[in-house]
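Number of protein chains: 2
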Amino acid sequence: MSLGLTACKENAPPKTEPAASAPAPVAAAPAASHGKFEVPPGQLDDYYSISSGGHSGEVRIYGVPSGREIKRIPVFNIDPMVGWGITNESKAIIGTKPDGSLKYKTGDTHHVHGSYTDGTYDGKYVWVNDKLHGRVARIRCDTFECDKITELPNIQGQHGLFTDKRDPVDQSINHTTRVFAGAEFHIPLPNDGRDVNSPEKYGCLFTCLDADSMEVKWQCHVDGNMDLVATSYDGKLAASNQYNTENGVHYEDMMSAERDACVFFNIARIEEAVKAGKFVTIGDLKVPVVDGRAKANADPKTALTCYVPVPKNPHGVNVSPDGKYFVCSGKLSPTATVIATELVEKWFDGEGKEPRDCVVGEPEIGLGPLHTAFDNKGNAYTTLFLDSMIVKWNVDAAIKSFAGDKNAKVVLDRIDVHYQPGHGYTSMGETKEADGRFFNSGNKFSKDRFLPVGPLHCETEQLIDITSDKMVLISDHTAYPEPHDAIIVARNKIKTRQIYDMDEFPHAVKDPKSQTITRNGKKVTIQLASQAPAYSMREFTVKQGDEVTIILTNHDKVEDLTHGFGIPKYDICFIVNPQQTASVTFKADKPGVFWCYCTHFCHALHLEMRSRLIVEKA
Amino acid sequence: MSLGLTACKENAPPKTEPAASAPAPVAAAPAASHGKFEVPPGQLDDYYSISSGGHSGEVRIYGVPSGREIKRIPVFNIDPMVGWGITNESKAIIGTKPDGSLKYKTGDTHHVHGSYTDGTYDGKYVWVNDKLHGRVARIRCDTFECDKITELPNIQGQHGLFTDKRDPVDQSINHTTRVFAGAEFHIPLPNDGRDVNSPEKYGCLFTCLDADSMEVKWQCHVDGNMDLVATSYDGKLAASNQYNTENGVHYEDMMSAERDACVFFNIARIEEAVKAGKFVTIGDLKVPVVDGRAKANADPKTALTCYVPVPKNPHGVNVSPDGKYFVCSGKLSPTATVIATELVEKWFDGEGKEPRDCVVGEPEIGLGPLHTAFDNKGNAYTTLFLDSMIVKWNVDAAIKSFAGDKNAKVVLDRIDVHYQPGHGYTSMGETKEADGRFFNSGNKFSKDRFLPVGPLHCETEQLIDITSDKMVLISDHTAYPEPHDAIIVARNKIKTRQIYDMDEFPHAVKDPKSQTITRNGKKVTIQLASQAPAYSMREFTVKQGDEVTIILTNHDKVEDLTHGFGIPKYDICFIVNPQQTASVTFKADKPGVFWCYCTHFCHALHLEMRSRLIVEKA
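Respectively, the protein sequence lines represent chains A and B.
In terms of numbering that gives the first Met the number 0, the first sequence has 267 at position 268, counting the first letter as 1, and numbering is strictly consecutive.
In terms of numbering that gives the first Met the number 0, the second sequence has 281 at position 282, counting the first letter as 1, and numbering is strictly consecutive.
1. Under 8 Å, Cβ to Cβ, is there at least one residue of chain B near residue 449 (chain A)?
2. Under 8 Å by Cβ, that's how I've got residue 431 (chain A) and residue 206 (chain A) pegged, so tell me the actual separation to the nearest angstrom.
3. By the 10 Å Cβ neighbour count, where 16 or more other Cβ atoms means buried, how is residue 170 (chain B) classified, buried or exposed?
4. Can you check DSSP and say which residues form a bridge with residue 240 (chain B)?
5. I'd like the ranges of any alpha helix (DSSP H) spanning at least 4 consecutive residues and lying wholly in the segment 490-563 of chain A.
6. For the alpha helix (DSSP H) containing residue 346 (chain B), name the first residue and the last one.
7. Give a yes or no on whether 8 Å exceeds the smallest Cβ distance from residue 124 (chain A) to chain B.
8. Which chain A residues are close to residue 384 (chain B), counting only those with a beta carbon under 7 Å from its beta carbon?
9. If you follow the alpha helix (DSSP H) that residue 298 (chain A) is in, where does it begin and where does it stop?
10. Which residue marks the beginning of the alpha helix (DSSP H) containing residue 87 (chain A), and which one marks its end?
11. Output, in chain order, the set of chain B residues within a Cβ distance shorter than 9 Å of residue 585 (chain A).
12. Using the Cα positions of residue 220 (chain A) and residue 599 (chain B), report the straight-line distance between them to the nearest angstrom.
13. Classify residue 52 (chain A) as buried or exposed, calling it buried when 16 or more other Cβ atoms lie within 10 Å of its own Cβ.
14. Please list, in chain order, all residues of the same chain as residue 439 (chain A) whose beta carbon is under 8 Å from its beta carbon, the five residues on each side excluded.
15. Buried or exposed for residue 265 (chain B), going by 16 or more other Cβ atoms inside 10 Å?
16. Using DSSP with H/G/I as helix, E/B as strand and the rest coil, what is residue 387 (chain B)?
17. Bridge partners for residue 103 (chain B) per DSSP, in chain order?
18. With 16 other CB atoms within 10 Å as the buried threshold, where does residue 505 (chain B) fall?
19. In terms of residues, what are the limits of the alpha helix (DSSP H) holding residue 401 (chain A)?
20. List, in chain order, every chain A residue whose beta-carbon is nearer than 7 Å to that of residue 349 (chain B).
21. DSSP state of residue 21 (chain B), grouped into three classes?
22. Cα separation between residue 21 (chain B) and residue 140 (chain A)?
23. Evaluate contact between the segment 581-594 of chain B and the segment 191-198 of chain A, counting only Cβ atoms and requiring at least three cross-stretch pairs below 8 Å.
24. Look up residue 417 (chain A) in the DSSP assignment and give the residues it is bridged to.
25. Going along chain B in order, which residues have a C-beta closer than 8 Å to the C-beta of residue 242 (chain A)?
26. Residues of the segment 261-295 of chain A in Cβ contact with chain B at a cutoff of 8 Å, in chain order, please.
27. Listing by chain order, which chain B residues have their CB less than 9 Å from the CB of residue 577 (chain A)?
28. Please tell me whether residue 128 (chain A) and residue 157 (chain A) are closer than 8 Å, where the distance is taken between their beta carbons.
29. Could you tell me the boundaries of the beta strand (DSSP E) in which residue 289 (chain A) lies?
30. Write down the C-beta distance between residue 583 (chain B) and residue 95 (chain B) rounded to the nearest angstrom, noting that I regard them as a contact closer than 8 Å.
31. Helix, strand or coil, according to DSSP, for residue 58 (chain B) in the structure here?
32. What does DSSP give as the partner residues of residue 363 (chain A) in its beta bridges?
33. If I measure Cβ to Cβ from residue 347 (chain B) and keep anything under 7 Å in the same chain, skipping five residues before and after, which residues do I get?
34. Counting only C-beta atoms, is residue 78 (chain A) closer than 8 Å to chain B at any point?
35. Quick one: what's residue 186 (chain A) bridged to in DSSP?
36. What residues in its chain sit with their C-beta under 8 Å from that of residue 663 (chain A), if we drop five residues either side in the sequence?
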């Protein structure tokens with residue numbers, strides 16, 4: 000008898016044959032020098048890509064150029080890994096119904112934008128929209144956790160979102176103090192059952208939140224449905240591209256007009272109007288709502304808004320890093336529209352004629368243009384959804400061409416992407432520090448780019464080197480559906496914390512040996528601590544019918560020495576990171592023995608890390 | 000005025016300076032030739048790695064060697080991206096309370112194992128455990144979706160899981176028909192409030208499920224807490240390594256004995272005993288429970304179980320690809336224990352003396368050995384949690400050494416991993432077709448390997464080339480906490496479907512123009528279809544207080560042309576893939592207009608894809 004482990008296929012050749020079911024690789028990948036962008040083991044990425052996660056409800060952080068997903072940040076979703084939507088602390092942020100259950104378990108994030116100081120990221124916060132339930136969430140960048148969520152009143156379909164970059168009133172405040180949110184769906188005001196069959200009475204509001212308190216400061220009633228939002232570097236203007244300026248309620252009616260608009264908001268004037276009491280309120284709410292509809296804003300000198308016509312159903316508006324231009328993409332037109340910031344500001348000063356005169360370029364760039372990003376050399380990169388391409392074009396040349404220069408070479412390069420790109424964004428491209436290194440194409444269909452995994456495919460994120468004249472495809476990364484927009488932030492902008500501070504948690508269990516059980520009628524509070532590989536309390540007993548609150552503080556101080564706490568059959572699962580405190584409350588409705596255990600690997604004796612919950616039969 | 004886009008940092012050098020907060024790269028990465036394993040754009044991976052997701056509650060598919068996450072499969076968690084836990088179809092699989100809400104929203108997956116035919120993967124199913132609520136889930140490999148979940152009776156802490164590889168009774172059945180599950184926590188039997196303070200009456204059961212029906216066939220009462228499960232290639236034996244054979248209820252009592260055990264189950268005998276009525280039932284349940292405790296199984300010739308002593312608190316048991324050996328790791332002992340399958344089978348035949356005589360090797364391999372994987376050349380690779388290393392050792396040499404050969408060279412190589420590895424697994428390593436190409440180390444701590452993202456870090460998956468004498472680190476990949484075990488499956492084993500078959504859905508809305516609204520008292524059923532870029536119904540009206548069921552069939556036939564359906568304020572969000580049907584039911588308790596919209600990018604006019612839900616005030 001041979002005692003060796005000679006397997007039945009010893010010396011079998013490596014399995015490199017194509018799978019029977021795997022599609023054939025696509026012809027000649029255009030990639031070339033991608034190897035030089037590899038991030039080898041032990042090396043760090045140069046950038047954080049902070050990305051929305053669509054209807055997964057989360058936000059994600061990828062490393063660039065590696066494409067590694069370094070973190071998922073649960074925001075509008077429930078995540079048992081961290082206990083998001085399960086702990087009392089996270090439920091308070093998400094919001095609950097009167098019975099204590101979550102108000103929402105779903106959400107749809109599209110656009111992530113950061114806080115600015117002096118025209119570039121300051122690494123304090125990012126904000127993200129929830130299109131589904133009309134919310135805005137804030138994420139702290141020191142812990143990369145959501146700390147506040149605000150549900151916006153009077154709106155539906157909160158889609159576009161951007162921060163201000165400078166104060167519109169006090170120019171000495173050179174950092175973000177406001178967050179702007181554009182609503183896409185027009186609804187009755189208020190939406191309480193009245194006017195449901197009178198679409199002409201529906202409205203869409205643009206919302207301004209205070210970046211610090213996350214409270215709604217004001218809203219502005221506009222025509223049409225808002226899509227993306229962008230802001231000027233001088234703080235004076237916010238803008239949103241719009242479709243359905245027809246205010247149609249059926250699909251077919253939403254694209255009858257030849258032109259829609261990019262609407263500009265004069266923030267200082269809106270805030271003056273609010274201060275002067277020139278607003279209404281809707282229903283029982285106190286939020287001031289100013290009238291920004293075109294008819295009420297015909298006189299430029301008093302107008303709160305300026306509707307710059309652009310080809311119909313535009314998708315996306317982005318600002319060039321020098322602050323000079325807003326670029327709207329055509330979507331149903333093969334063009335991008337370049338609007339000069341200065342001319343819009345002059346229009347508000349009464350120095351322009353028609354809003355359309357603010358357009359200084361409108362190059363034909365390809366089919367289905369959606370979003371535009373910028374390098375540091377005056378070039379724009381627009382995703383072409385229908386062409387499945389990225390087009391590189393020069394903004395200066397586009398402006399010259401629009402002015403009649405037939406020799407202006409507008410389109411400089413095109414590259415295939417795989418397939419149907421949505422958003423595209425460049426490294427630091429939405430700041431004054433755009434560095435022209437990387438462009439990321441967020442593609443909506445991956446088709447045959449990855450091993451087949453059934454009917455539902457992942458998306459493709461393709462990283463493109465934009466340092467030279469020709470764009471070069473570096474790599475394909477996967478993304479769980481459905482990422483939309485992202486920002487690519489240089490790593491030196493982010494300063495994270497490695498452990499928590501116990502004093503920040505008002506309910507912290509400061510005694511590492513705590514065995515505290517407090518009873519108040521049927522309410523029982525259990526205070527315990529974790530320290531690898533044990534909980535301070537080996538067992539605790541409650542009575543069937545008790546409302547039990549467990550408060551757990553992790554006394555470990557070693558970075559990432561996280562413990563979990565799972566309670567079988569009680570649907571409880573959460574973690575506590577080093578020096579963090581978290582709590583859960585549940586009704587002990589099932590008698591018996593329930594082994595609470597550490598769900599997050601912590602120590603060689605992790606499996607033995609348990610505490611016995613005994614629920615005595617009533 | 001310059002009209003160019005000359006940004007303020009034109010020609011700025013690429014930002015390669017280290018971030019102030021980013022830790023310094025680790026010294027001299029041991030990786031070398033990793034470049035040759037890069038999967039360039041447009042190329043496919045060679046393997047699927049199907050991985051548990053720990054207390055995220057999900058299962059994931061990574062490509063190997065790229066490390067790309069190609070799919071998340073929601074199982075025990077809620078996932079608004081696909082509508083898992085939201086659609087009626089998924090809620091029926093997860094299980095609901097009498098009020099229709101989900102019984103559980105959390106879970107803790109550890110071990111994924113596939114269906115076998117002739118000793119290798121047949122690509123039909125994988126199964127995964129839920130340690131938190133004692134469940135086993137099945138995932139179809141043609142769609143990579145969970146199709147059944149069974150909650151196991153009489154147990155808590157369902158941890159180890161493995162499929163059988165051949166029928167133990169009818170040897171002509173050479174494929175998987177059973178799934179074995181080992182419970183970790185000992186509880187009162189039944190756990191209904193009785194005996195809570197009498198730990199001596201607690202028990203732990205090993206469960207056998209029917210692979211097809213997912214019904215529980217039988218359970219076997221054992222001593223100790225079960226950890227991992229493994230099965231023999233001849234179908235005759237299942238095994239589980241065990242800790243706490245002391246049956247202690249407090250942490251300290253769980254490691255007093257010098258030796259714990261690997262318990263072997265004689266499946267054919269257990270099934271004979273069940274057939275002969277030699278079982279008990281617990282509480283009101285009808286599941287037959289046989290007595291597999293050591294005291295009741297002292298006579299080898301009738302024993303259902305064999306307890307082979309191994310050093311205390313072992314972690315993990317794995318079978319060599321030739322089927323000859325079960326290897327238990329020491330965890331608290333620096334050893335691996337090699338148990339000969341043949342000798343265990345002989346013990347059951349009465350041809351052995353003591354169970355310990357089945358041990359044929361026990362090499363010292365390093366500190367904190369947890370899990371062992373195999374190549375096709377007779378070598379084993381064990382993760383060393385405390386050493387943060389992988390050790391490569393030869394099984395044949397270990398056996399010779401144990402037999403007294405002082406010249407046997409057991410340990411062949413060691414490689415550092417970063418850091419604290421848990422499970423490790425090789426390409427096709429748990430099948431007869433182990434191919435000796437890749438070893439993946441699932442590391443529990445990533446520390447400084449990736450950009451800092453706050454107190455909670457991701458884990459590291461490190462891929463190692465094992466084709467030559469020296470192990471070579473290829474790459475570091477990230478994984479959202481907390482992956483445990485995985486199987487690495489050659490891509491030609493998997494045959495997925497690209498679209499659904501409409502006829503498989505009993506409620507399919509077959510008319511692509513369906514405008515059907517059916518009312519039965521307060522119950523309203525809306526049947527509609529999707530076809531890019533529109534829903535068949537542009538609007539539908541219900542009354543406040545109605546119970547509304549929406550059935551949506553996607554008539555698109557193009558691969559991956561998926562549509563979403565989100566209802567603002569009603570917490571509804573799900574998708575329908577091509578030719579799929581899904582439904583949701585909710586109470587229309589809020590009057591007003593609610594724009595149902597497509598959440599999953601589908602078409603250039605995706606944004607316009609909406610349907611207006613009008614809820615008339617009661």
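Even for Gly, the Cβ is constructed at its ideal location relative to N, Cα and C.
All values reported here derive from a predicted model rather than from experimental measurement.
For this structure:
1. Translated into positions along the first sequence, residue 449 (chain A) becomes position 450. Yes, contact with chain B.
2. Here residue 431 (chain A) refers to the residue found at position 432 when the first sequence is read from its first residue. Here residue 206 (chain A) refers to the residue found at position 207 when the first sequence is read from its first residue. That belief does not hold up - the Cβ atoms of residue 431 (chain A) and residue 206 (chain A) are roughly 26 Å apart, past 8 Å.
3. Counting from 1 along the second sequence, the entry for residue 170 (chain B) is found at position 171. By the neighbour-count rule (16 or more Cβ atoms within 10 Å), residue 170 (chain B) is not buried but exposed.
4. Counting from 1 along the second sequence, the entry for residue 240 (chain B) is found at position 241. In DSSP, residue 240 (chain B) forms a bridge with B:261.
5. none
6. Against the second sequence, residue 346 (chain B) aligns to sequence position 347. Note, residue 346 (chain B): alpha helix (DSSP H), 340-347.
7. In the first sequence, residue 124 (chain A) corresponds to position 125, counting from 1. Not closer than 8 Å to any Cβ of chain B, the Cβ of residue 124 (chain A) fails to qualify, so no.
8. Mapped onto the second sequence, residue 384 (chain B) falls at position 385. Residues of chain A passing the Cβ test: 603.
9. Numbered from its first residue, the first sequence carries residue 298 (chain A) at position 299. Per DSSP, residue 298 (chain A) belongs to no alpha helix (DSSP H) and is neither H nor E.
10. Looking up residue 87 (chain A) in the first sequence gives position 88. From DSSP, the alpha helix (DSSP H) with residue 87 (chain A) extends over 87-93.
11. Within the first sequence, numbered from 1, the residue matching residue 585 (chain A) stands at position 586. The premise fails here: residue 585 (chain A) is roughly 12 Å from chain B at the closest Cβ pair, so nothing lies under 9 Å.
12. Residue 220 (chain A) sits at position 221 when you count from the first residue of the first sequence. Residue 599 (chain B) sits at position 600 when you count from the first residue of the second sequence. Roughly 28 Å separates the two Cα atoms.
13. Taking the first sequence and counting its residues from 1, the one referred to as residue 52 (chain A) is at position 53. It is buried - the Cβ of residue 52 (chain A) has at least 16 other Cβ atoms within 10 Å.
14. On the first sequence, position 440 is the one that residue 439 (chain A) refers to. Same-chain partners within the cutoff: 48, 63, 423, 424, 425, 460, 461, 462, 463, 485, 487.
15. Taking the first residue of the second sequence as 1, we reach residue 265 (chain B) at position 266. Buried, because 16 or more other Cβ atoms sit within 10 Å of the Cβ of residue 265 (chain B).
16. Indexing the second sequence from 1 puts residue 387 (chain B) at position 388. In the structure shown, residue 387 (chain B) sits in coil (DSSP, three-state: anything other than H, G, I, E or B).
17. If you number the second sequence from 1, residue 103 (chain B) lands on position 104. According to DSSP, residue 103 (chain B) bridges with nothing at all.
18. As a working mapping, residue 505 (chain B) is identified with position 506 in the second sequence. That one is exposed.
19. Here residue 401 (chain A) refers to the residue found at position 402 when the first sequence is read from its first residue. From DSSP, the alpha helix (DSSP H) with residue 401 (chain A) extends over 394-401.
20. In the second sequence, residue 349 (chain B) corresponds to position 350, counting from 1. What residue 349 (chain B) touches in chain A: nothing, since even the nearest Cβ is about 20 Å away.
21. Taking the first residue of the second sequence as 1, we reach residue 21 (chain B) at position 22. Here the model assigns residue 21 (chain B) a pLDDT of 39, short of 50, so the residue's position is not dependable, and the following value carries that caveat. If DSSP states are grouped into helix, strand and coil, residue 21 (chain B) belongs with coil.
22. Here residue 21 (chain B) refers to the residue found at position 22 of the second sequence. Here residue 140 (chain A) refers to the residue found at position 141 of the first sequence. Residue placement at residue 21 (chain B) cannot be trusted, given a pLDDT of 39 that sits under 50; the coordinates are not used to answer.
23. yes
24. Numbered from its first residue, the first sequence carries residue 417 (chain A) at position 418. DSSP lists no partner for residue 417 (chain A).
25. Within the first sequence, residue 242 (chain A) is the residue found at index 243, counting from 1. Simply 606, 607.
26. none
27. Taking the first residue of the first sequence as 1, we reach residue 577 (chain A) at position 578. The answer, in chain order, is 454.
28. Numbered from 1 along the first sequence, position 129 holds the residue referred to as residue 128 (chain A). Numbered from 1 along the first sequence, position 158 holds the residue referred to as residue 157 (chain A). Yes, they are a contact pair.
29. Here residue 289 (chain A) refers to the residue found at position 290 of the first sequence. Segment 288-290, the beta strand (DSSP E) holding residue 289 (chain A).
30. As a position in the second sequence, residue 583 (chain B) is number 584, starting the count at 1. As a position in the second sequence, residue 95 (chain B) is number 96, starting the count at 1. That belief does not hold up - the Cβ atoms of residue 583 (chain B) and residue 95 (chain B) are roughly 13 Å apart, past 8 Å.
31. Within the second sequence, residue 58 (chain B) is the residue found at index 59, counting from 1. Reduced to three states, the DSSP call for residue 58 (chain B) is strand.
32. The count along the first sequence starts at 1 and reaches residue 363 (chain A) at position 364. In the DSSP output, where bridge partners are listed per residue, residue 363 (chain A) has A:334.
33. Looking up residue 347 (chain B) in the second sequence gives position 348. Counting only Cβ-Cβ distances below 7 Å, and skipping sequence neighbours, we find 265, 299, 302, 305.
34. What you label residue 78 (chain A) is simply residue 79 of the first sequence in a count that begins at 1. Taking Cβ atoms only, chain B reaches closer than 8 Å to residue 78 (chain A), which makes this a yes.
35. For this step, residue 186 (chain A) is matched to residue 187 along the first sequence. Paired residue(s): A:202.
36. There is simply no residue 663 (chain A) to check, as chain A begins at 0 and stops at 617 in what is shown.
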